[in-house]
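Reading through the structure tokens given below for one structure.
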Amino acid sequence: MSEESKRREALIYHAKPTPGKIKVVPTKKYATQRDLSLAYSPGVAEPCLEIEKDKNNAYKYTAKGNLVAVISNGTAVLGLGNIGPEASKPVMEGKGLLFKIFADIDVFDIEVDTENVDEFIETVKNIAPTFGGINLEDIKAPGAFEIERRLKEELDIPVMHDDQHGTAIISAAALINALELIGKNIEDVKIVISGAGAAAISCSRLYQAFGAKRENMVMLDSKGVIRDDRENLSSEKAEFATHRKIDTLEEAMVDSDVFIGLSMANVLSPDMLLSMSNDPIVFAMANPDPEIKYDLAIKTRKDVIMATGRSDHPNQVNNVLGFPFIFRGALDVRATKINEAMKMAAVEALARLAKEPVPEQVNIAYGETRLAFGKDYIIPKPFDPRLIAEVPPAVAKAAMESGVAKEPITDWEGYQDKLRERLGSDNKMVRLLLNRAKLDAKRVVFAEADQLPVLKAAQIVYEEGIAIPILLGRKEAIEELMADIEFDAKDILIIDPKTEEENDRKNRYAKVYWEQRKRRGVTYYSAQRLMRERNYFAAMMVNEGDADALITGYSRSYPSVVKPMLELIGMADGVKRVATTNMMMTKRGPLFLSDTSINIDPDTKTLTKIAQMTSQVVKMFGLTPVMAMTSYSNFGSSSDLRASKVRDAVAYLHRYYPDMIVDGELQTDFALNGEMLKDKFPFSKLVDRKVNTLIFPTLDSANITYKLLKELNEADSIGPIMMGMRKPVHILQFGASVDEIVNMTAIAVVDAQQKEKFEKEKENL
1 MSEESKRREA LIYHAKPTPG KIKVVPTKKY ATQRDLSLAY SPGVAEPCLE
51 IEKDKNNAYK YTAKGNLVAV ISNGTAVLGL GNIGPEASKP VMEGKGLLFK
101 IFADIDVFDI EVDTENVDEF IETVKNIAPT FGGINLEDIK APGAFEIERR
151 LKEELDIPVM HDDQHGTAII SAAALINALE LIGKNIEDVK IVISGAGAAA
201 ISCSRLYQAF GAKRENMVML DSKGVIRDDR ENLSSEKAEF ATHRKIDTLE
251 EAMVDSDVFI GLSMANVLSP DMLLSMSNDP IVFAMANPDP EIKYDLAIKT
301 RKDVIMATGR SDHPNQVNNV LGFPFIFRGA LDVRATKINE AMKMAAVEAL
351 ARLAKEPVPE QVNIAYGETR LAFGKDYIIP KPFDPRLIAE VPPAVAKAAM
401 ESGVAKEPIT DWEGYQDKLR ERLGSDNKMV RLLLNRAKLD AKRVVFAEAD
451 QLPVLKAAQI VYEEGIAIPI LLGRKEAIEE LMADIEFDAK DILIIDPKTE
501 EENDRKNRYA KVYWEQRKRR GVTYYSAQRL MRERNYFAAM MVNEGDADAL
551 ITGYSRSYPS VVKPMLELIG MADGVKRVAT TNMMMTKRGP LFLSDTSINI
601 DPDTKTLTKI AQMTSQVVKM FGLTPVMAMT SYSNFGSSSD LRASKVRDAV
651 AYLHRYYPDM IVDGELQTDF ALNGEMLKDK FPFSKLVDRK VNTLIFPTLD
701 SANITYKLLK ELNEADSIGP IMMGMRKPVH ILQFGASVDE IVNMTAIAVV
751 DAQQKEKFEK EKENL
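Numbering (UniProt numbering), first residue to last: 1 to 765.
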């Protein structure tokens, strides 16, 4: 994609369909006049009066306790510099988005039009009663230091400048673990800090809090080593001025143990790295290009422990590991500030988490057999679902122990359960899916590439490294559309099965197909004719190993597309009926619904197979399947065949697959409402478990349910995911959106990865 195309796509993303990235959503009922009279006049007077009596009641009757202000004047926007308050607003909205999706914290972004420190502080103080916390962002030094210091002193709510402390907290956790791995003490190591901005100062101070000695630190700015004999130093730089008579980074690096890069790309040379002591630790955190490239560093020294700010290398120092969870813990105990004890607790929680066994969901997301504490894993991954249950409690406890918590927590287990529940409102599974696909992109044939949404999806998966597209359709039309959307990819294969230039391939495919079906009424001539049709041609590409997976169905009815797939691809060994499942991204988390597209009225045997196949798909996403077999009845309340077939399927699964967490027959509300289920049916295997999979008794019930969820609740859907096919074939819903096609392509890639892995395992037996 050209730079101009990227620019336009970014602008469209922020402008359409609604400008911006965040919005305000009501949390109370507002349907009736009674609701409105409670929400506003006259009912609203009652909480106003209670708050007048005691300002702390604002936490009880308003959203204050879960509301953070992201405040900036736009004077130091990452990579852009001093662009002003209005221009910084997209960045602040983005920060608000991260607060919401990682920790379920609501945000108002506020851009202040002043560079005067006193004016800025006064503005924030005047609006502070609205908020439970203040996150300062992208404010230039040295003013940023004074702004944070004074606001922390003068306000009674948590205040943190993430640019200063975020990198410090994450890198400190990484440093503690790296030092443990190599057996060095933080009190003894020599540390070189390249950069002297807000983040560098905060990192150095936090490392000292954990035992690093100031006399063992050398800090550099754009002029070189910060020495104590240099004139006109700011108080922050003077704090870390060295008495050593050295001037350059090259001199500072000799025999050093740790390099902290918060400066600019490529300032650290291989020779400098070689001059460090044994087992050097290098955190090259300049973004997007580090102080030394990761590959160059590990090639230069095999004993180096390396971290960067990038997601495509191990040990990413990413602020999103810190600020959402630190504010979450601070808000939940109504802390009056974020102090050193709370920051250190976050460091220790992150360091500790990296040493614990990694959930399969995380291993799958990053394409690892087993992530384990070591040189390439010294800090948790941003997608780790345990972060929200581990870091906020550590921060909250530190707030309580240091005397700044106004509402102490007593039920820590219950608190952690509530934190885990907060994860259900975002789309982490989609990010996990796309990330996993990128790790080993496969060749995916798009059978309808001359349809603009399909081609746009192919462009996205190509440019994002999710898949290697093969485009089927009228070549001239595809190339014209590619030019329109600036899809510039000379290496992409475009095939029109109807052209003479594809005759050799068509004849080869036709012969294979004819050999397979010549005793079922198929002639060689009819096989040749069928190979002119894209779905038949595409299916044979996958069968013959010319493609790894197939996406089709955008412009045709589902049944008309399923037929050739079953004829040519066929079902996997041991499967007699294929089925589909849809993964719905709901407020309670991912919810799998089966069978949404194939089996109209499955019998008992088919229902058991659908449950088994769905279980495997859920596991593919790193989740433990907790399955409810749904019906209009509960546990034998009806003897009708439509209920009894579900009951019989459950009995079969309980008998032959006792390790499966499945129960029924159950009405959907009982399946999804744990309290109702426990109250009425305490014997159920689903009690005290969160159901994430629903198996429906008929196609209409499953299909209607998933489309209702999609349209009424705006729940994103990934699917229908084909289950039981011999090869990775996935059929889109008629008229699927570009995002849905992209997600289904990622599914196809992951499916191909899984099938390839299975085949290799069979060969090794």
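All residues carry an ideal CB built from backbone N, CA and C; glycine is no exception.
**Message:** Looking at the strands, I want to know which residues DSSP matches up with residue 713.
**Reply:** Sequence index remark: in the sequence shown, residue 713 carries index 713 (1-based). Answer is none; residue 713 lacks a bridge partner.
**Message:** Comparing C-alpha positions only, which one of 691, 664 and 542 sits nearest to residue 674?
**Reply:** Sequence index remark: in the sequence shown, residue 674 carries index 674 (1-based). Looking at the Cα atoms, 691 is the closest of the given residues.
**Prompt:** Excluding the five sequence neighbours on either side, which residues of its own chain have a C-beta within less than 8 Å of the C-beta of residue 31, listed in chain order?
**Reply:** As a position in the sequence shown, residue 31 is number 31, starting the count at 1. Cβ within range, chain order: n/a, list empty.
**Message:** Going by DSSP, what residue range makes up the alpha helix (DSSP H) through residue 614?
**Reply:** Translated into the one-based positions of the sequence shown, residue 614 becomes position 614. Residue 614 -> alpha helix (DSSP H) spans 604-620.
**Message:** Taking 8 Å as the threshold (beta carbon to beta carbon), is residue 436 in contact with chain B?
**Reply:** In the displayed structure, chain B is absent; only one protein chain is listed.
**Request:** Drop a sphere of 10 angstroms on the beta-carbon of residue 651, count the other beta-carbons inside from all chains shown, and report buried for 16 or more, exposed for fewer.
**Result:** By one-based count along the sequence shown, residue 651 stands at place 651. Label assigned to residue 651: exposed.
**Asked** So, is residue 772 buried or exposed, given that buried needs 16 or more other C-beta atoms within 10 angstroms?
**Response** Residue coverage of the chain in this structure runs from 1 to 765, which leaves residue 772 outside it and unanswerable.
**Prompt:** Is it buried or exposed for residue 529, if we count other Cβ within 10 angstroms and need 16 for buried?
**Reply:** By 1-based counting over the sequence shown, the position of residue 529 is 529. The residue is exposed, with fewer than 16 neighbouring Cβ atoms inside 10 Å.
**Request:** Given a cut-off of 8 Å, decide if residue 688 and residue 680 are closer than it, judged by their beta-carbon atoms.
**Result:** Numbered from its first residue, the sequence shown carries residue 680 at position 680. Numbered from its first residue, the sequence shown carries residue 688 at position 688. For residue 680 and residue 688, no; Cβs fall outside 8 Å.
**Prompt:** Going straight from the alpha carbon of residue 303 to that of residue 257, what length do you get?
**Reply:** One-based indexing of the sequence shown puts residue 303 at position 303. One-based indexing of the sequence shown puts residue 257 at position 257. Cα to Cα, residue 303 sits roughly 12 Å from residue 257.
**Prompt:** Nearest CA to the CA of residue 373: which residue from 330, 751 and 305?
**Reply:** Position 373 of the sequence shown, counting from 1, holds the residue named residue 373. With distances taken between Cα atoms, residue 373 lies closest to 305.
**Message:** Taking contact to mean 3 or more Cβ pairs, one atom from each stretch, closer than 8 Å, check whether the stretch 179-186 and the stretch 156-163 are in contact.
**Reply:** no
**Strand pairing of residue 500, partner residues [DSSP]** = Within the sequence shown, residue 500 is the residue found at index 500, counting from 1. In DSSP, residue 500 forms no bridge with anything.
**Asked** In or out: residue 13 buried (at least 16 other Cβ within 10 Å) or exposed?
**Response** As a working mapping, residue 13 is identified with position 13 in the sequence shown. With fewer than 16 Cβ atoms within 10 Å of its Cβ, residue 13 is classed as exposed.
**Prompt:** beta strand (DSSP E) containing residue 371: first to last residue?
**Reply:** The residue labelled residue 371 in the question sits at position 371 within the sequence shown. Element bounds for residue 371: n/a, residue is neither H nor E.
**Asked** Does the distance from the CB of residue 444 to the CB of residue 547 come in under 8 Å?
**Response** Sequence index remark: in the sequence shown, residue 444 carries index 444 (1-based). Sequence index remark: in the sequence shown, residue 547 carries index 547 (1-based). Yes, these two residues count as a Cβ contact at 8 Å.
**Message:** Helix, strand or coil for residue 400? Go by DSSP, reduced to three states.
**Reply:** The residue labelled residue 400 in the question sits at position 400 within the sequence shown. Residue 400 falls in the helix class under three-state DSSP.
**Message:** Using CA atoms only, rank isn't needed, just tell me which of 436, 166, 177 and 49 is closest to residue 309.
**Reply:** Position 309 of the sequence shown, counting from 1, holds the residue named residue 309. Closest by alpha carbon: 166.
**Item:** Identity of the residue in 415, 320, 593 and 293 nearest residue 307 by Cα
**Value:** For this step, residue 307 is matched to residue 307 along the sequence shown. The residue with the shortest Cα to Cα distance from residue 307 is 293.
**Prompt:** Looking at the structure shown, is residue 281 part of a helix, part of a strand, or coil, going by DSSP?
**Reply:** Along the sequence shown, read from residue 1 onward, the residue named residue 281 stands at position 281. DSSP places residue 281 in strand when its eight states are reduced to three.
**Request:** Please state if the CB of residue 578 and the CB of residue 571 are separated by a distance shorter than 8 Å.
**Result:** One-based indexing of the sequence shown puts residue 571 at position 571. One-based indexing of the sequence shown puts residue 578 at position 578. For residue 571 and residue 578, yes; Cβs fall inside 8 Å.
**Item:** Where residue 203 falls, given that 16 or more other Cβ within 10 Å makes a residue buried
**Value:** For the purposes of this step, residue 203 is taken as the residue at position 203 of the sequence shown. By the 10 Å Cβ count, residue 203 comes out buried.
**Request:** Would you tell me roughly how many angstroms separate the C-alpha atoms of residue 205 and residue 705, rounded to the nearest one?
**Result:** As a working note, residue 205 is residue 205 in the sequence shown. As a working note, residue 705 is residue 705 in the sequence shown. In a straight line, the C-alpha of residue 205 is about 55 Å away from that of residue 705.
**Request:** Report the rounded CA-to-CA distance for residue 236 versus residue 251, giving the unit in angstroms.
**Result:** Here residue 236 refers to the residue found at position 236 when the sequence shown is read from its first residue. Here residue 251 refers to the residue found at position 251 when the sequence shown is read from its first residue. Distance between the alpha carbons of residue 236 and residue 251: 23 Å.
**Message:** Quick check on residue 583: does DSSP put it in helix, strand or coil?
**Reply:** The residue you call residue 583 lines up with position 583 of the sequence shown. Strand, per DSSP.
**Request:** Could you tell me whether the stretch 54-68 touches the stretch 97-114, where touching means 3 or more Cβ pairs closer than 8 Å?
**Result:** yes
**Request:** Check whether the Cβ atoms of residue 767 and residue 259 lie closer than 8 Å to each other.
**Result:** Nothing can be reported for residue 767: it is not among the residues displayed for the chain, which extend from 1 to 765.
**Message:** Within a Cβ cutoff of 7 Å, which residues of the same chain sit near residue 152, ignoring the five residues on either side of it in sequence?
**Reply:** The residue given as residue 152 occupies position 152 in the sequence shown. Correct list, in chain order: 159 and 337.
**Item:** Alpha-carbon spacing of residue 671 relative to residue 718, whole angstroms
**Value:** Here residue 671 refers to the residue found at position 671 when the sequence shown is read from its first residue. Here residue 718 refers to the residue found at position 718 when the sequence shown is read from its first residue. Cα to Cα, the separation comes out at about 22 Å.
**Request:** Name, in chain order, the residues that DSSP records as bridge partners for residue 590.
**Result:** Taking the first residue of the sequence shown as position 1, residue 590 is located at position 590. BP columns for residue 590 point to 585.
**Message:** Please classify residue 657 as buried or exposed, where buried requires at least 16 neighbouring CB atoms within 10 angstroms.
**Reply:** Within the sequence shown, the letter at position 657 stands for residue 657. Burial call: exposed.
**Message:** When you compare the stretch 68-87 with the stretch 129-139, are there three or more beta-carbon pairs, one atom per stretch, that lie closer than 8 Å?
**Reply:** yes
**Request:** Examine the Cβ distances between the stretch 352-359 and the stretch 395-412 and report whether three or more of them are shorter than 8 Å.
**Result:** no
**Asked** For residue 730, does the count of other Cβ atoms within 10 angstroms reach 16, so buried, or fall short, so exposed?
**Response** Against the sequence shown, residue 730 aligns to sequence position 730. With 16 or more Cβ atoms within 10 Å of its Cβ, residue 730 is classed as buried.
**Item:** Minimum C-alpha distance to residue 781 - residue among 61, 715, 469 and 39
**Value:** Outside the shown range of the chain, which is 1 to 765, sits residue 781, and nothing can be said about it.
**Request:** Kindly provide the ranges of any beta strand (DSSP E) runs that are 3 or more residues long and lie completely inside the stretch 702-756, ordered along the chain.
**Result:** 716-723 and 729-731
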